[in-house]
Amino acid sequence: MNRDPFLDDKGQPRRLRGVTIYSGSPLLAGLAAKAGFEVVWIEMEHGPASFERVESLCLAAKANGAVPLVRLPDGERHHVLRALESGGQILVVPMIDTPEQARRLVEYGKFAPIGRRGFNLRTWGVEFGLAGPEAAFAQANERNRIFAQIETVQAVQNLDAICGVEGLDGIFIGPGDLSVSLGHPALVNHPEVIETALKCMRRAKEAGKYTGVLVASGALLNAMLEAGVDLVLCGGDVVELAAAWPKLLASVSPK
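Under this note's numbering, think of the first position of the sequence shown as 187, with each following residue one higher.
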């Protein structure tokens, strides 16, 4: 796919729906894509996946028609570069609090003239350079989308400056850590958390950025959908199994 993943085949905007693969299982990544999710979220911040495994997960997602998204452990250059070269199409980088941090993401993740991404034509991330260097780099800049994750009061205070970073594609609301930073730990549907998330989303859209959120249900999800969020992560493999398996067990008598 050599187009912006937020556009459909006709070039029209589309909302992306995704599910998180915490387990690092390519089998479940492929299943998520087969089930119809447009995005498969590959979790590195809170999951066990190595970069070698990330490549397998990206391939499983893409082979079944989904866009591979990688949430990195942090914004270090080698993490950004390796995630892209392993086939990640959307990157979400946690705990971005300042415009300086956001600028580094663009520098590491975009080819010139937008950034200073390292030259390498022999990876999945540029489709092995088969289109030629100039086309491969231009297509990668068009195809890859980099999101700064907004999770703290400091990030909210700096949001306009973060959204002003040229080449940054979007902001992603992390309601869990944001709820902690706002003084309402784990209460992602608290009115102040919802109000703050909506304010961030509106300001990002005004700045021409894509928006995303990780939330499965409740008032926050409804508010974000109504406001036109572009990317919604609405569940995960471990989360769904943790809810389903006890019910399955309880449905069968032990005697």
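Glycine included, each C-beta is placed from N, C-alpha and C at the ideal position.
With 16 other Cβ atoms within 10 Å as the buried cut-off, status of residue i
| i | result |
| --- | --- |
| A288 | buried |
| N306 | exposed |
| G369 | exposed |
| Q275 | buried |
| L435 | exposed |
| K445 | It is not possible to answer for residue 445, since the shown part of the chain is limited to 187 through 441. |
| K441 | exposed |
| W431 | exposed |
| E320 | exposed |
| E378 | exposed |
| R331 | buried |
| G422 | buried |
| R308 | exposed |
| R201 | exposed |
| G318 | exposed |
| V438 | exposed |
| A298 | exposed |
| G398 | buried |
Same chain, Cβ closer than 6 Å to residue i, neighbours up to 5 away in sequence not counted
| i | result |
| --- | --- |
| G360 | Q335, E337 |
| F266 | Inspection of the sequence shows that residue 266 is occupied by Val rather than by Phe. Result list for V266: Y294, G295, in chain order. |
| P212 | S242, L243, A246 |
| G216 | A246, N250 |
| T284 | N344 |
| L291 | G261, V279, I332 |
Residues bridged to residue i [DSSP beta-bridge criterion]
| i | result |
| --- | --- |
| Y396 | G356 |
| A334 | V279, I357 |
| E271 | In the DSSP output, where bridge partners are listed per residue, E271 has none listed. |
| T206 | W227, G422 |
| R257 | E229, V278 |
| L193 | P199 |
| L373 | According to DSSP, L373 bridges with nothing at all. |
| L417 | L202, G398 |
Identity of the residue in the options nearest residue i by Cα
| i | options | result |
| --- | --- | --- |
| E271 | E313, A249, A247, E352 | E313 |
| F358 | A372, E378, D190, L384 | L384 |
| H376 | A409, I348, L354, L345 | A409 |
| K391 | A372, A402, T382, D416 | D416 |
| L400 | A347, R290, G318, G204 | G204 |
| A372 | A215, R308, G362 | G362 |
| M281 | W227, V366, V226 | V366 |
| G210 | K220, E238, F192 | E238 |
| V351 | V339, F333, M230 | F333 |
| L214 | L364, V424, V253 | V424 |
| E229 | S437, E412, P254 | P254 |
| A447 | A219, L354, S437, E381 | In the structure as shown, the chain begins at 187 and stops at 441. Residue 447 is therefore absent and cannot be evaluated. |
| H232 | I300, D260, A219 | D260 |
| L193 | A428, Y396, E426, V438 | Y396 |
| A219 | L427, Q198, A252 | A252 |
| G222 | S236, A428, C420 | C420 |
| E426 | A402, P199, G414 | A402 |
Close Cβ partners of residue i (< 7 Å) along its chain, the five nearest in sequence each way excluded
| i | result |
| --- | --- |
| A269 | V240, V256, L258, L277 |
| G304 | L267 |
Proximity test, Cβ basis, 9 Å: residue i and chain C
| i | result |
| --- | --- |
| Q287 | Included in the structure is just one protein chain, with no chain C present. |
Same chain only: Cβ atoms within 8 Å of residue i, ignoring 5 sequence neighbours per side
| i | result |
| --- | --- |
| L316 | A322 |
| Q343 | none |
| G311 | L270, E271, S272, G273, G274, A326, N330 |
| L345 | I336, I357, C386, R389, A390 |
| G404 | V374, N375 |
| D190 | E328, R329, R331 |
Cβ-Cβ separation, residue j to residue i (assumed contact under 8 Å), whole Å
| i | j | result |
| --- | --- | --- |
| V226 | I207 | 6 Å |
| L411 | T382 | Between T382 and L411 the Cβ distance is about 17 Å, and since that is not below 8 Å, they are no contact. |
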